[in-house]
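Before any comments, here is the structure.
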Amino acid sequence: MTAAPSLLVWAKGCTTTGLSEGTAPMPLYQNLPMPKASIGFLVYATTLLGVVALLATYPVLRYGVWQTAITYYSSLGWVSSPLLHGRSDVVTNADLIRRYTPDHLELMVAASIAHQASDPKDRPYGTDAVEKVVGLIDSDQSVGIAQLRPGEIEEWAPALAGRSRFEPDVAIRVMAAKLQDTERYILWQAMEYGSTSQTSRFMLLALAQNCSESSQVRRTVDTFFGYRGSWEEMLRDEQFGALWTEQLRLILVHVDWLTSQGWELPEGVDLDAWRQTAFAE
């Protein structure tokens, strides 16, 4: 019976055992020319791995873009003032924030002012001039470093009724009162629906700072508990999900900057979890 021909091809000078006589083994692939297609495959594989890595870290990259842009425009000015003036307003009014705010809410009040005072359309370079002119046409315009609407002083801090929304101390005291009221409501709801984490409570405050009425605050908090504390479902809410996502991102980038400047993060708040939630999609 004739043996079937071997399909194995050995390098010249090698025996069928794969060992050359009197020399070290020489793998066959060393004698074969590298196919041209392998270069393209290498590029493709490298690109694919890069895309996979990009997708895996996408929330981090997205966060980096937001933080870099806001930090850049918060420090860039044609003359001396930056276009986004909120962080400068926090630095200027830091003593007022600490005077009128409970210790555990100082960071959130500061972040809220940094965010609200950074509107490039209404408060470019920190000036109130645009808002005062627009206010002659639109009396419902939000103004000042806390972007307060008419009625907010009376609702959140009635003792300050009659004062101007442009006054920094008024803006700060109203914002602090709003967040204190929100915190009480969150804790009250938690008694009925079950406790929630310190991180989630802090994130709810980040949404409440943008509300101009107590009914809006309560609707926001009620929605969170209605979704059984699921931020994933909360931020997919058909009506307000996009707005809430934006607010969480904007407040977070200011919170991170403020903590880097020495403002104290309340115990139990996990900024990594907040970051992953806000920048997930």
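Numbering (numbering that gives the first Met the number 0), first residue to last: 0 to 280.
For every residue, glycine included, the Cβ atom is placed at its ideal position computed from N, Cα and C.
Exposure label - W187; buried when at least 16 CB within 10 Å: exposed
Residues near D269 in its chain [Cβ-Cβ closer than 6 Å; skip 5 each side]: T198
Boundaries (first-last residue) of the alpha helix (DSSP H) holding T276: 270-277
Local conformation of L106 per DSSP, three classes: helix
Counterpart residues of V142 in DSSP-defined beta bridges: L147
Burial state of M190 (16 or more Cβ within 10 Å): exposed
Under the three-state DSSP convention, the category M83 falls into: The question names Met, but residue 83 in the sequence shown is Leu. In the structure shown, L83 sits in coil (DSSP, three-state: anything other than H, G, I, E or B).
Nearest to S87 (by Cα), restricted to the options A156, P265, Q275, W256: W256
Bounding residues of the alpha helix (DSSP H) (the contiguous stretch that carries S214): 213-225
Simplified DSSP assignment, three categories, for Q115: helix
Residue closest to I171, alpha-carbon to alpha-carbon, out of P101, E280, L247, I185: P101
Between the CA atoms of S213 and D141 - distance to the nearest angstrom: Note on residue identity: the sequence assigns Ser, not Asp, to residue 141. Rounded to whole angstroms, S141 to S213 spans 16 Å at the Cα level.
Exposure of R98, with buried meaning 16 or more beta-carbon neighbours within 10 Å: exposed
Q208 classed as buried or exposed, judged by whether at least 16 other C-beta atoms fall within 10 angstroms: buried
Limits of the alpha helix (DSSP H) - the one that A189 falls within: 167-192
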